Amino acid sequence: MYQSSADHNVAFTQPRAAVAWTRRLGGKINGGLALFQNALYVESFDGRVSALSARSGAVLWSTAAGGVVMTTPIVAGGLVVAGTGTSAVLTQSSARVVWGRPQGDAVIAMRAGDGRVVWRYRTVGEDMASPALVRVRGQDAIVFANGDNHVRALRLRDGRLLWQRAVDGIATMSSAAVSDGYAYVVIGGTAYSRSGDSLLKIDPQDGAIVWRAPYGNADCSPTLAYGRVFVEGSAADADKPARRNAFNDVAAVDERSGKLHWRWYSGYGTFTGAGSDEEGVAGMAADGALYQAIPATNEFVAFDAASERVRWRIHTDAAVKMSAVERDGMLYFGDTGHTLYAVDAKSGAIKERRTYPAFFSVSSPVIVGDTLYIANDDTVRAIPLTR
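According to the working numbering, the sequence shown is numbered sequentially starting from 6.
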């Protein structure tokens, strides 16, 4: 799934050897990174899915997907699964909106070894939200929400539709998360009104909605840990001056019942389109904390996951629109300026700032051993970590 697991902390201890390289691709990278057996899978705005050597950055293969791709590649069963989409409004009325393009979009599966397309499942709406791997009726499957007001499950090996469920909302970048056998997605409400965004718990066996809670943002994947589902919402206060009327909220919802445990609101600020248009960011859970970017106010906050108590908060040079990763007590994330941060997870002290040539957008980092892999606009960077 997006960021590998429902807590979104992608930090693997092996192999330990650090590597350093850069690889520029043909377009901006907004999808997450996926690593499997020494290959790093990445998608770019030039409509290609590529496999890079994790050791050297060499291109192992690159396949045209037929549209802009920005999901996190899902690697399983010898396949790499990705989806296309462009954030365009295809149809809109007072009752319903469809995000997509006239020629449609698709979920595509390629062979992990050489990139050959194995199957393609076409949809009316865009498929930017990352799917998640699940077991459906004893078979490996992927479940995802998308831009045509549906949640679907496809059989992994051949892309066969196992079920689809109509829902009154679209998932733009809200990737599915799976925990304890259930899937969680956030959908946007009628005509993409933020007041209508909802968090759904879905039974992946048949698509039944277990519960629905009025929290989150259709761009933000849910984070699950400690028996709770964490989502970030976004809104603008019409009574405030337009220059500084935006704010975020963070909600902690009971995983079993969908009831609210706590909700926290940021101060007022301004959303920016730098790097991407996302206003809600998936958090990362570790050490009993939720580590959460607050893009409206250019802040990064550590919450005690059991309550809305703020352990610490820091201001960043620009908005952070990615999930963080944590290893050995250090957090790593980049902002939509050009800054990569290393932050003490316990105290919030900024231990290091590094400046790079371009922005860090919504593509979150992955740590393998002593190497941090991260997308910097159209470039993938392998950065050695010091101890």
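Ideal Cβ positions, reconstructed from N, Cα and C, are used throughout, including at glycine. Since the model is a prediction, treat every value here as computed from it, not as a measurement.
Between Pro227 and Ser271, the C-beta spacing is not below 9 Å. When the alpha-carbon of Val148 is set against those of Ala59, Ser9, Val86 and Pro209, the nearest one is in Pro209. A Cβ-Cβ distance of about 19 Å is found for the pair Ala16 and Val367, leaving them out of contact under the 8 Å criterion.
The C-alpha of Phe308 is placed about 6 Å away from the C-alpha of Arg314.
His155: member of the beta strand (DSSP E) spanning His155 to Arg160, first to last residue. Remark: three or more beta-carbon pairs, one from each stretch, lie closer than 8 Å, so the segment 151 to 167 and the segment 91 to 106 are flagged as touching. Of the candidates Leu265, Ala137 and Arg162, the residue whose Cα lies closest to the Cα of Met6 is Ala137.
Only residues of its own chain outside the window of five on either side were considered, and among them Phe235, Gly288, Phe308 and Ala310 have a CB closer than 6 Å to the CB of Leu295, listed in chain order. The C-alpha of Ala387 lies about 9 Å from the C-alpha of Ala380. DSSP places Pro209 in the coil class of the three-state scheme, outside both helix and strand. Taking every protein chain shown into account, the CB of Gln42 has fewer than 16 other CB atoms within 10 angstroms, so this residue is exposed.
Straight-line measurement puts the Cα of Arg60 at about 31 Å from the Cα of Cys225. Spatial neighbours of Ile79 in its own chain (CB-CB distance under 8 Å, excluding positions within 5 residues in sequence) are listed in chain order as Met6, Ala39, Val85, Val86, Ala87, Ser135, Pro136, Ala137, Leu138 and Ile147.
Residue state for Pro107 is assigned as strand, using DSSP reduced to three classes. DSSP, read as helix, strand or coil, puts Ala100 in coil. Close CB contacts of Val255 within its chain, under the 6 Å cut and outside five residues either way in sequence, are with Glu237, Trp269 and Gln297 (chain order).
Thr68 is positioned such that its CB atom lies no closer than 9 Å to that of Val112.
Taking 9 Å as the cut-off, the Cβ atoms of Arg217 and Leu204 count as close. When only Cα atoms are considered, Val54 and Lys245 end up about 43 Å apart. The alpha-carbon of Gly36 is positioned some 5 Å away from that of Thr76. If one requires a minimum length of 3 residues, the beta strand (DSSP E) runs lying completely within the segment 114 to 145 are 122 to 130 and 137 to 141, in chain order. The C-beta distance from Glu131 to Ser99 rounds to 21 Å, too long to fall under 8 Å, and the pair is not in contact.
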